[in-house]
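Input: a single structure, listed below in structure tokens.
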Amino acid sequence: MGVFHEESTEFMSIDGKTIPMKVYVLQQNRSKAKELLQVLKTSAQTHEKYFGPYPFPDDKIAVVETPYLGMEHQTINAYGNNFQFEKIGDATADWLLHHELGHEWFGNKVSVGDWADFWIHEGLTAYGDWLFYLEHGGEEAYHEKVNSVRKSIAHARPVVSPRNSTSDFAYHPEIYTKGAFIIHSLRYFLGDEIFFPMLKAFATDEKYTYENLVETADFTQFVQKYSGADLQGFFDMYLKTIHVPKVKVRKKGNKGYQVSLPNIDFKMPVEIKTSNGYERHMLSNKPVLVKSESSIEVDPKGWYLLKKD
Ligand SMILES: [Zn+2]
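By the count of the numbering used here, the sequence shown reaches residue 307 at its end, each step adding exactly one.
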């Protein structure tokens, strides 16, 4: 309870619908309300671009100021980040507001039936946080953000917990960080032309939305069916174990280098920087020859979680 000031506008959704958009701030913060509303609008537009139309257009898009940091609540998110806005490229952003709003798509529209699959809420929403950097700051800002998060991933527990987990048990940092990182890796694996439409298609497919609950297998099967790529080994390793592919590089005379990922039983495309530039190679436990006159760098931009020599 509190004495609130309301600021409102209308939001034009990408599917043409007009949606009421509101912020409620405490009276003493009324001077911040207009900017908060603009931040909310930018975040909603960014999410819609990647995840599809706002899921609850007949209701509203709203935030209400709270004494705690924040929480996703369908159509009115709790906001307690104290208007700590930052500039990301051309946009004014609030990471907390953007994150909670992302849960309208992953959490509220796409919902898991077992907390074992909690990462679908937090990992995909956290990936949406990184997409804000891509959209407004560009590729460099996106990769900088991804690589800053990479350092915090301890590989302490698998992303997916055992069936029938409680939310308390299944909730751990890597459902955010590693969950989002796996989606980032998928971007390279599939390529942007498939990856971005696939992400939107998953969040829009009526088999996986609203009353219908999802689990990890729904997501992994959807991605493979949509893309035609065999990703089962990739998903199994990254989602269900604490292991990552080990990179083995051996010099092969003056021809180049033999590169393999000896501890995996599947194939994945990996970017390698050679004397000829950036190349895409399909790597597995069988070594492939990568021609280069100078030493090579495997996955220089950091698309994957890997263990390098
Ligand atoms: Zn969250």
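Ideal placement from N, C-alpha and C gives every residue a C-beta, glycine not left out.
query, result
"Secondary structure of Val242, DSSP reduced to three states", "coil"
"Residue environment, Gly105, which counts as buried when at least 16 other CB atoms sit within 10 Å", "buried"
"Environment of Glu133 [buried if 16+ CB atoms lie within 10 Å]", "buried"
"Status (buried if at least 16 other CB within 10 Å, exposed otherwise) for Ala215", "exposed"
"Endpoints, beta strand (DSSP E) assigned at Glu133", "Segment Trp117 to Gly135 is the alpha helix (DSSP H) holding Glu133; no beta strand (DSSP E) there."
"Coarse secondary structure for Thr207, derived from DSSP in three states", "coil"
"Pairwise C-alpha distance: Asp228 and Val158", "20 angstroms"
"Distance cut-off 8 angstroms: Ala124 Cβ against heavy atoms of ligand 1", "yes"
"Under the three-state DSSP convention, the category Glu5 falls into", "strand"
"9 angstroms Cβ cutoff met for Leu122 and Trp93", "no"
"Bridge partner(s) assigned by DSSP for Lys250", "Gly254"
"Opposing strand residues paired with Gly275 [DSSP bridges]", "Thr272"
"Integer Cβ distance of Lys271 from Glu295, believed to fall under 8 angstroms", "4 angstroms"
"Straight-line Cα distance separating Leu35 from Met280", "46 angstroms"
"Tyr174: CB within 8 angstroms of a non-hydrogen atom of ligand 1", "yes"
"Identified DSSP bridge partners for Leu281", "Met266"
"Between the CA atoms of Lys253 and Thr90 - distance to the nearest angstrom", "50 angstroms"
"Residues that Pro18 bridges to, as DSSP identifies them", "Glu8"
"Val221 to Tyr131 span [Cα, whole Å]", "24 angstroms"
"Helix, strand or coil at Val37 according to DSSP, with G and I counted as helix", "helix"
"Burial state of Arg161, where buried means 16 or more other Cβ atoms lie within 10 Å", "exposed"
"N- and C-terminal bounds of the alpha helix (DSSP H) containing Leu99", "Trp93 to Gly100"
"Bridge partners - Met69, DSSP secondary structure assignment", "Ala76"
"Glu70 CB to nearest heavy atom of ligand 1 below 8 angstroms", "yes"
"Same chain, Cβ closer than 7 angstroms to Phe193, five either side skipped, listed in chain order", "Leu184 and Arg185"
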